[in-house]
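Visitor: Here my numbering is used: the first residue of the sequence shown is 389, the next is one more, and so on.
Beta carbons: idealized from backbone N, C-alpha and C, even for Gly.
Quantities reported herein were computed from a predicted structural model and do not represent experimental measurements.
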Amino acid sequence: SKYNLVPLGMSLKMCLLNKGVVEKNFDKEFNKFKFNYKSNKFLLNSEQKKSLNFIRNIGKNYNVTVIEGVTGSGKTLVYFKRIRDFTDAGYQALILLPEIALTNQFSRRYKEFFGAEPAIWHSKTSKKNKSIIWKGITEGKIKILIGARSSLFLPFNNLGTIIVDEEHDASYKQDEGISYNARDMAITRASLEKIPINLVTSIPSIETYNNIVDKKYYVTKLKKRYKEASLPNIEIINLHSEVLEKNSWIANKTINKVKKYLDKGEQVLFFLNRRGYAPYVLCKKCGYKFQCPNCEVNLNFHKNLNKLLCHYCGYKSTLERNCKDKKKCEILFCGPGVERIFSELKKIYPNKKIEIFSSDTLKKNESINTLLKNVEKKKIDILVGTQLLSKGFHFPKLNCIVVVDSDFSSHGYDLRAAEKNVQLYHQLSGRAGREGKVSTIFFQTYTPDDEILINISRNDPHLFLEKELLLRKEKKLPPFYRLISLIISGKSENITMKFALSLKEKLPKIDRVNILGPVFAPITKLKKKYRCRILIRYPKNLFIQKYLSQSLNKIKSISGIKLEVDVDPINFS
């Protein structure tokens, strides 16, 4: 509560469940969570054994150890074995995952290892299951919990260890309601409970990397992929020297390269981080841009819904519009989304089975399961997907990835853009060649000399992390300084900015603390509200929250103006 500047009552509320749970008896339901190990089935290679012994030797008291390993090196198995040490000794364990979509494939691996159903906790878990799990955790009947951010607040009876898988993932940051970073709060909980915590990643976040450099965290590395599989080769396809057909986004050179993989019966993934069919739509005749009436953003066209959608507030509308000459507008779709690439691929490869993998197409958990099974059984030849695909999925037959549009411009306002890109593409390349075959990732780009792309193609993330740390130090940015964002929103542009200016005047003036802004946010209007941002930058050794909360408590609220505080912001839009 103190660190994230959120009311104590709201923090406590996250630990509570309905009162009916306390009286109920769920003993029958707990049976499916009981372990039935088939331990001899899982043998560690020498590198995994070394890692496991390293973690064991650090002991059972509070420490932070990073398990860093290239994608596909078997990090999960190492921490499963470590968790088993704890559960055998009567302790409980918590495994945090960044994304709900990951739990299905992960539960299968869990079942194989522990021989039991996993207890899973996230926002989509049914009320009944939440009650069973809450009770099982409190009574110590459930030994292992797999959960998203909120599972961190469960009342464990005897917690022995916490695992944060994919620790670098930005999804650990909660922005709505109570803002907190689940990875950082997990470390805090481990230190309060005096228990060890493992951060698991293929590329550590800058903050974690800096703590490893400063010797605050231990680290153990897995450098080889399972079964000695090698990481994909990287090839850059320069779109300046390729002729693209009208309304086409896939170069002929790419098509020919992909054909070789398809002819061998291998799977191909086309990656594009844009949902829908086209990211913006306008009229050829009158130049009208289809924009959201509630937010200052373009509407995305989704072909399968035949609707224009706002990805921020959910506003929907149709393409029907009368032009200046009283006839219908002549619609022009600009740029590709995954649906558009999907329809282009359908034309190029009419006999191949092609599927889209994005948060829109995977609304129901069942369809994720079916899709993943079909990928594994090789019933799908080509996948078209967004960043959801880069996270932790295991596709045994995937040996070719095409990044359709490697555009690394970060729109200038996100200090973590380079870091996020390097992590994303490193994760993505880890989806390919997991069974030991030669694999390639192709980057189609108009900027072949882009520094981020060159960093990715070197396949040495540490070089990037070292350089990025120097840059952050010089520019006084995290992890050397800390940031707190104040976001002021209201219905009137004028009143919002006035309030923000008067708020800045009332903030404490402290040495070495910079107060930047207020400025209108990059996305100035969201959900009918105008937004201003103030950024407070302060040295790491200062606990500024104490002074800040005193100042913020004195500020008189104005009706219709909302103030949000975001400590250690990840999102700057």
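1) My understanding is that residue 591 touches residue 574, with C-beta atoms under 8 Å, so please give their C-beta distance in whole angstroms.
2) Roughly how many angstroms lie between the CA atoms of residue 391 and residue 937, to the nearest whole one?
3) Using C-beta distances below 8 Å, list every residue in its chain close to residue 539, excluding the 5 sequence neighbours before and after it, in chain order.
4) Which residues in the same chain as residue 626 place their Cβ atom closer than 6 Å to its Cβ, once the five residues preceding and following it in sequence are excluded?
5) Determine the DSSP secondary structure at residue 408, reduced to helix, strand or coil.
6) The beta strand (DSSP E) spanning residue 956 covers which residue range?
7) Using C-beta distances below 7 Å, list every residue in its chain close to residue 460, excluding the 5 sequence neighbours before and after it, in chain order.
8) What number of angstroms, rounded off, separates the C-alpha of residue 704 from the C-alpha of residue 636?
9) Three or more C-beta pairs closer than 8 Å, one from the segment 766-778 and one from the segment 645-657: is that the case here?
10) Where are the alpha helix (DSSP H) runs, 4 residues long or more, that stay fully inside the segment 389-459, in chain order?
11) Touching or not, the segment 588-604 and the segment 859-869, by the rule of three or more beta carbon pairs under 8 Å?
12) Going by DSSP, name the residue or residues bridged to residue 907.
13) Ignoring anything shorter than 3 residues or poking outside the segment 798-842, list the beta strand (DSSP E) runs there in chain order.
14) In the DSSP assignment, the alpha helix (DSSP H) including residue 467 goes from what residue to what residue?
15) Answer yes or no: the CB of residue 642 versus the heavy atoms of the ligand FMN, is any distance below 8 Å?
16) Given this structure, state the Cα-to-Cα distance separating residue 455 from residue 748, to the nearest angstrom.
17) What residue does the alpha helix (DSSP H) around residue 340 start on, and which one ends it?
18) For residue 841 versus residue 778, is the C-beta distance shorter than 9 Å?
19) Which same chain residues end up closer than 8 Å to residue 444 when comparing Cβ atoms and leaving out the 5 residues on each side of it in sequence?
20) Based on the DSSP output, what are the partners of residue 677 in its beta bridges?
21) Anyone know if the C-beta pair for residue 452 and residue 605 falls short of 9 Å?
22) Between 942, 884, 944 and 947, which has its C-alpha nearest residue 922's C-alpha?
23) Could you check which residue in 858, 421 and 915 has the C-alpha nearest to that of residue 501?
24) Pull up the DSSP beta-bridge partners for residue 528, would you.
25) Pairing CB atoms from the segment 512-520 with CB atoms from the segment 547-566, are three or more of them under 8 Å?
26) List the whole-angstrom C-beta distance separating residue 640 from residue 667, where the pair is believed to meet the contact cut-off of C-beta under 8 Å.
27) If residue 683 sits next to residue 701, beta carbons under 8 Å apart, how far is it from one beta carbon to the other, in whole angstroms?
28) For residue 762, does the three-state DSSP call read helix, strand or coil?
29) If you check the beta carbons only, do residue 566 and residue 458 fall under 9 Å apart?
30) Which residue or residues does DSSP assign as beta-bridge partners of residue 659?
31) Report yes or no: do the segment 846-858 and the segment 927-942 share at least 3 C-beta pairs separated by less than 8 Å?
32) Checking contacts by CB at 9 Å: is residue 711 closer than that to chain C?
33) Among residues of its own chain, excluding the 5 on either side of residue 526, which ones have a beta-carbon nearer than 7 Å to its beta-carbon?
34) Just to confirm, is the Cβ distance from residue 602 to residue 486 under 9 Å?
35) Let me know if residue 564 comes out buried or exposed under the rule of 16 or more other beta-carbons within 10 Å of its beta-carbon.
36) Under three-state DSSP, which class holds residue 489?
Guide: Taking the definition as stated:
1) Going by Cβ atoms, the distance from residue 591 to residue 574 rounds to 19 Å, so no, they are not a contact pair.
2) Distance between the alpha carbons of residue 391 and residue 937 is about 10 Å.
3) 482, 484, 509, 510 and 533, listed in sequence order.
4) Hits under 6 Å: 836.
5) DSSP, reduced to helix, strand and coil, places residue 408 within a helical segment of the structure shown.
6) Note, residue 956: premise wrong, no beta strand (DSSP E); not H, not E.
7) The answer, listed in chain order, is 613, 614, 617, 818 and 822.
8) Rounded to whole angstroms, the gap between the alpha carbons of residue 704 and residue 636 is 27 Å.
9) Note that the segment 766-778 touches the segment 645-657; at least 3 beta-carbon pairs, one per stretch, sit closer than 8 Å.
10) 396-401, 408-411, 415-418 and 434-446, all fully within the segment 389-459.
11) Between the segment 588-604 and the segment 859-869 there are three or more C-beta pairs closer than 8 Å, enough to call the two in contact.
12) Paired residue(s): 921.
13) Look at the segment 798-842 and you find these whole runs of beta strand (DSSP E), each 3 residues long or longer: 828-833.
14) Residues 463-476.
15) Ligands in the displayed structure: none, and consequently the ligand FMN is not present.
16) So the two alpha carbons sit approximately 33 Å from each other.
17) The chain is shown from 389 up to 961; residue 340 falls before or after that span and cannot be answered.
18) Using a Cβ distance threshold of 9 Å, residue 841 and residue 778 do not count as a contacting pair.
19) So the list reads 470 and 473, once near-sequence residues are dropped.
20) Beta-bridge pairing links residue 677 to 670.
21) Less than 9 Å separates the beta-carbon of residue 452 from that of residue 605.
22) It is 884 whose Cα lies nearest to the Cα of residue 922.
23) Of 858, 421 and 915, the smallest CA-CA separation from residue 501 is found for 421.
24) Beta-bridge analysis with DSSP links residue 528 to no other residue.
25) In short, these stretches do not touch, since the Cβ pair count stays below three.
26) With 8 Å as the limit, residue 640 and residue 667 do not qualify as a contact, their Cβ atoms being about 24 Å apart.
27) The distance from the Cβ of residue 683 to that of residue 701 is about 6 Å, consistent with a contact at the 8 Å cut-off.
28) The answer is helix: DSSP assigns residue 762 an H, G or I state.
29) Against a cut-off of 9 Å, the Cβ pair of residue 458 and residue 566 comes out as no contact.
30) When DSSP reads this structure, residue 659 sits in a beta bridge with 773 and 791.
31) Counting Cβ pairs under 8 Å, fewer than three are found: no touch.
32) Among the chains in the structure shown there is no chain C, since it carries only a single protein chain.
33) For residue 526, same chain residues with a beta-carbon under 7 Å away, outside a window of 5 residues either side, are 543 and 545 in chain order.
34) No. Outside cutoff.
35) By the neighbour-count rule (16 or more Cβ atoms within 10 Å), residue 564 is not buried but exposed.
36) Residue 489: helix per DSSP, three-state reduction.
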